[in-house]
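A.B. asks:
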């Protein structure tokens with residue numbers, strides 16, 4: 598089983614993040630932001646520096662998360678800018694970094710249950726998928742709170758409506774939970790569509806609604822059951838550690854890593 602870590606969850610400085618991740622024995626990283634900039638919004642010299650660091654620390658890029666379509670569905674100008682500019686730039690960066698997986702989103706909205714924009718979202722994501730397919734790129738649609746793909750059920754429905762082999766899901770059970778869906782129920786909808794997995798855990802204050810992100814197993818998501826479902830169903834993609842913790846991020850990421858490795862070993866699988 599392959600484990601990767603989102604670098605900016607460890608440090609906004611990619612060298613610091615890669616040094617720690619490499620020291621922990623992890624061979625793969627996911628890149629979302631470097632030097633406090635969301636990719637692909639970095640300069641050419643920064644891309645060269647990033648490639649040098651990847652080579653120096655002997656890690657490989659599992660995926661990039663450039664925030665494509667993490668914009669309001671009713672802002673047509675921005676949607677088209679993401680389709681015609683941000684997506685191509687992101688694919689170029691993915692190719693430069695040696696990965697064929699680009700994480701995308703299902704458009705932000707006020708009411709994910711409102712299907713007013715469903716057809717429009719489907720058409721935009723279908724065009725994006727067709728463009729990516731020409732470059733040999735897989736788009737992994739992440740279920741994100743307050744988006745048309747907020748839960749497992751809605752993200753799976755959207756993916757199936759798009760109907761493209763290179764449009765699959767980046768399953769995030771914690772995001773599904775935050776969106777009001779039991780991850781165990783959400784998984785039933787996504788199980789045959791998962792191409793990438795984000796793992797994190799959370800405790801939600803029932804009074805204030807405040808979210809406190811915690812190491813795997815200390816929260817309400819039942820991350821370990823999700824891993825078991827995936828392994829037992831034959832998933833062999835990446836488990837990406839994305840803690841979202843605001844404090845003790847390095848320690849928290851390391852704790853999550855060791856707990857995930859232990860669970861995978863208990864399931865009779867090896868980690869890489």
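In our numbering, the protein residues as written are 598 to 869.
Idealized CB from N, CA, C, for every residue including glycine.
#1: Thinking just about the alpha-carbon of each residue, which of 690, 747, 700, 734 is nearest to the one in residue 712?
#2: Report all residues from its chain with a CB closer than 6 Å to the CB of residue 835; omit the five preceding and five following residues, and keep chain order.
#3: Roughly how many angstroms lie between the CA atoms of residue 623 and residue 710, to the nearest whole one?
#4: Who are residue 601's beta bridge partners in DSSP?
#5: Give the straight-line distance between the Cα atoms of residue 714 and residue 671, rounded to the nearest whole angstrom.
#6: May I ask you to verify whether the segment 752-762 touches the segment 798-816, counting CB pairs closer than 8 Å and requiring at least 3?
#7: Taking the C-alpha atoms as reference points, what is the distance between residue 641 and residue 647?
#8: May I ask you to list the residues that DSSP assigns as paired with residue 744?
#9: Helix, strand or coil: how does DSSP classify residue 799 here?
#10: Taking residue 626 and residue 691 to be in contact with their CB atoms under 8 Å, please state how far apart those CB atoms are, rounded to whole angstroms.
#11: In the DSSP assignment, find the beta strand (DSSP E) that holds residue 808 and state where it starts and stops.
#12: Out of 637, 821, 806, state which residue places its alpha-carbon closest to the alpha-carbon of residue 812.
#13: May I ask you to report which of helix, strand or coil DSSP gives residue 608?
#14: Quick one: measure Cβ to Cβ for residue 701 and residue 755, integer angstroms, because I've assumed they're closer than 8 Å.
#15: So, are the CB atoms of residue 661 and residue 628 less than 7 Å apart?
#16: Restricting to Cα atoms, I'd like to know which of 679, 636, 726 is closest to residue 757.
#17: Can you give the Cα-Cα distance for residue 838 and residue 849, rounded to whole angstroms?
#18: Which same chain residues, not among the five before or five after residue 619, have their C-beta less than 8 Å away from its C-beta?
C.D. replies: On the basis of the coordinates in this document:
#1: Taking the first residue of the chain shown as 1, we reach residue 712 at position 115. Of the listed residues, the one whose Cα sits closest to residue 712 is 747.
#2: As a working note, residue 835 is residue 238 in the chain shown. When the five nearest sequence neighbours on each side are left out, the beta carbons in the same chain lying within less than 6 Å of the beta carbon of residue 835 are those of 599, 601, 659, 793, in order along the chain.
#3: Numbered from 1 along the chain shown, position 26 holds the residue referred to as residue 623. Numbered from 1 along the chain shown, position 113 holds the residue referred to as residue 710. Spanning the two alpha carbons is a distance of roughly 39 Å.
#4: As a first step, residue 601 is located in the chain shown; it is residue number 4 there, counting from the start. Residue 601 is bridged by DSSP to 625, 837.
#5: Reading the chain shown from its first residue, position 117 is the one you call residue 714. Reading the chain shown from its first residue, position 74 is the one you call residue 671. About 8 Å.
#6: Contact between the segment 752-762 and the segment 798-816 is absent, because fewer than three Cβ pairs lie under 8 Å.
#7: The sequence position of residue 641 within the chain shown is 44, counting from 1. The sequence position of residue 647 within the chain shown is 50, counting from 1. Per the coordinates, the alpha-carbon of residue 641 lies some 10 Å from the alpha-carbon of residue 647.
#8: If you number the chain shown from 1, residue 744 lands on position 147. DSSP, once it has assigned bridges, lists 705 as partnering residue 744.
#9: Translated into the one-based positions of the chain shown, residue 799 becomes position 202. Residue 799: strand per DSSP, three-state reduction.
#10: The residue given as residue 626 occupies position 29 in the chain shown. The residue given as residue 691 occupies position 94 in the chain shown. Between residue 626 and residue 691 a beta carbon distance of about 13 Å is seen, past the 8 Å cut, so the two are scored as non-contacting.
#11: The count along the chain shown starts at 1 and reaches residue 808 at position 211. Note, residue 808: beta strand (DSSP E), 808-811.
#12: One-based indexing of the chain shown puts residue 812 at position 215. It is 821.
#13: Here residue 608 refers to the residue found at position 11 when the chain shown is read from its first residue. For residue 608, the three-state secondary structure derived from DSSP is coil.
#14: Taking the chain shown and counting its residues from 1, the one referred to as residue 701 is at position 104. Taking the chain shown and counting its residues from 1, the one referred to as residue 755 is at position 158. Residue 755 and residue 701 do not touch by the CB rule: their CB atoms are close to 11 Å apart, not below 8 Å.
#15: Taking the first residue of the chain shown as 1, we reach residue 661 at position 64. Taking the first residue of the chain shown as 1, we reach residue 628 at position 31. Yes, the pair counts as a contact, with Cβ atoms nearer than the cut-off.
#16: Residue 757 sits at position 160 when you count from the first residue of the chain shown. Out of 679, 636, 726, 726 has the C-alpha closest to the C-alpha of residue 757.
#17: Taking the chain shown and counting its residues from 1, one reaches residue 838 at position 241. Taking the chain shown and counting its residues from 1, one reaches residue 849 at position 252. Rounded to the nearest angstrom, the two C-alpha atoms are 10 Å apart.
#18: Mapped onto the chain shown, residue 619 falls at position 22. Only residues of its own chain outside the window of five on either side were considered, and among them 654, 655, 656 have a CB closer than 8 Å to the CB of residue 619, listed in chain order.
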